[in-house]
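For reference, the structure discussed in these notes is given below.
In the working numbering, the protein residues as written are 16 to 233.
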């Protein structure tokens, strides 16, 4: 199943695995005049990654909670739309052209994973690079369940010839903000991990295209 989501480029993700990027800079001039630096080569157009998504009602609740939490602290931010809220599991790299062979392998590998949905709870908030404000959790059973799911997905990807990274900081980006923010403890934000997907993030267009999506049975 294939679907397309279009959102402002300000909500696009993946400067670091799972981190949405702020709006792209204006294009540089094609030619540099004497004394100026040559324009930088644009970044690869496609970023492939696996992500896990909350239930629709949980996503709406998280977005509402985030808006209120920011307002109470007078934090100005661009908020991630509910249907874009996700936790990145595995980054499959940046590509100038969409690698169809790699996509097919990744879809086939993910289709072999049959696990039930599970609960997640994040009890902390902090500012990551480039102004991403994220929810994250400590060592609790819910975060351990998320890590275990990622581990199983990594195993089927490794069997298919991929090289998944071991490092993982479970987090969910809720906004992009300017200025500093001290790390904070929050009342646990609980949600149900209901599906996971293979995403093609097209930076220039601000589009997350779902290349494959798998529901987790309840």
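Note that beta-carbon positions come from the ideal geometry of N, C-alpha and C, so glycine has one too.
Contacting residues, own chain, Cβ-Cβ under 7 Å from residue 200 (five flanking each side not counted): As a first step, residue 200 must be located in the chain shown, where it is residue number 185. The residues are 138 and 139.
Residue(s) in a DSSP beta bridge with residue 229: Locating residue 229 in the chain shown gives position 214, counting from the first residue. 211, per the DSSP bridge assignment.
Proximity of residue 206 and residue 116 at Cβ, strictly below 8 Å: Translated into the one-based positions of the chain shown, residue 206 becomes position 191. Translated into the one-based positions of the chain shown, residue 116 becomes position 101. Cβ distance not < 8 Å, so residue 206 and residue 116 don't count as in contact.
Residue 126, buried or exposed, once every other Cβ within 10 Å from all chains shown has been counted against 16: In the chain shown, residue 126 corresponds to position 111, counting from 1. Residue 126 comes out exposed.
Residues of its chain near residue 66, where Cβ-Cβ distance is below 7 Å and the 5 sequence neighbours each way are ignored: What you label residue 66 is simply residue 51 of the chain shown in a count that begins at 1. Cβ within range, chain order: 101, 102, 103, 104, 211, 212 and 214.
Entirely enclosed beta strand (DSSP E) segments - the segment 57–132, minimum 3 residues: 61–69, 92–94 and 102–110
DSSP beta-bridge partners of residue 137: Looking up residue 137 in the chain shown gives position 122. Answer is 204.
Through-space distance from residue 68 to residue 225, alpha-carbon basis: Counted from its first residue, the chain shown places residue 225 at position 210. Counted from its first residue, the chain shown places residue 68 at position 53. Cα-Cα distance, rounded: 12 Å.
Reduced DSSP category for residue 182 - H, G, I as helix; E, B as strand; rest coil: Position 167 of the chain shown holds residue 182. Here residue 182 sits in coil by DSSP.
Collapsed DSSP secondary structure at residue 40 in the structure displayed: If you number the chain shown from 1, residue 40 lands on position 25. Residue placement at residue 40 is flagged as unreliable, the pLDDT there being 43, under the threshold of 50; the coordinate-derived value follows with that caveat. In this structure, residue 40 counts as coil in the three-state DSSP scheme.
Identity of the residue in 154, 64, 87 and 129 nearest residue 12 by Cα: The structure shown does not extend to residue 12, since the chain is modelled only from 16 through 233, so no value can be given for it.
Start-to-end residues for the beta strand (DSSP E) that takes in residue 147: Indexing the chain shown from 1 puts residue 147 at position 132. Element bounds for residue 147: 147–151.
Pair within 8 Å by beta-carbon distance, residue 62 and residue 228: Translated into positions along the chain shown, residue 62 becomes position 47. Translated into positions along the chain shown, residue 228 becomes position 213. Not a contact, by the Cβ cut-off of 8 Å.
Buried or exposed by the 16-neighbour rule on C-beta atoms within 10 Å, applied to residue 208: Along the chain shown, read from residue 1 onward, the residue named residue 208 stands at position 193. Residue 208 comes out buried.
Cut-off 6 Å between Cβ atoms - residues of its own chain near residue 90, not counting five sequence neighbours on either side: Here residue 90 refers to the residue found at position 75 of the chain shown. Closer than 6 Å at the Cβ level, and outside the excluded window around residue 90, lie 192.
Close-in-space but distant-in-sequence residues of the same chain around residue 59 (CB under 7 Å, 5 per side omitted): Your numbering for residue 59 matches position 44 in the chain shown. Correct list, in chain order: 109, 110 and 111.
Expected contact under 8 Å - CB spacing of residue 124 and residue 172 to nearest Å: The count along the chain shown starts at 1 and reaches residue 124 at position 109. The count along the chain shown starts at 1 and reaches residue 172 at position 157. The pair is a contact, with the Cβ atoms about 5 Å apart (cut-off 8 Å).
Residue interval of the alpha helix (DSSP H) (run including residue 160): Locating residue 160 in the chain shown gives position 145, where the first residue counts as 1. Here the alpha helix (DSSP H) through residue 160 covers 156–174.
Nearest-angstrom beta carbon gap, residue 136 and residue 152 [assumed within contact, 8 Å]: Within the chain shown, numbered from 1, the residue matching residue 152 stands at position 137. Within the chain shown, numbered from 1, the residue matching residue 136 stands at position 121. Confirmed, about 6 Å.
Closest Cα partner of residue 168 within the set 216, 55 and 129: In the chain shown, the residue the question calls residue 168 occupies position 153. Checking every option, the nearest Cα to that of residue 168 belongs to 129.
Buried versus exposed, by CB contacts within 10 Å (16 or more), residue 220: If you number the chain shown from 1, residue 220 lands on position 205. Classification of residue 220: exposed, given that the 10 Å Cβ count is below 16.
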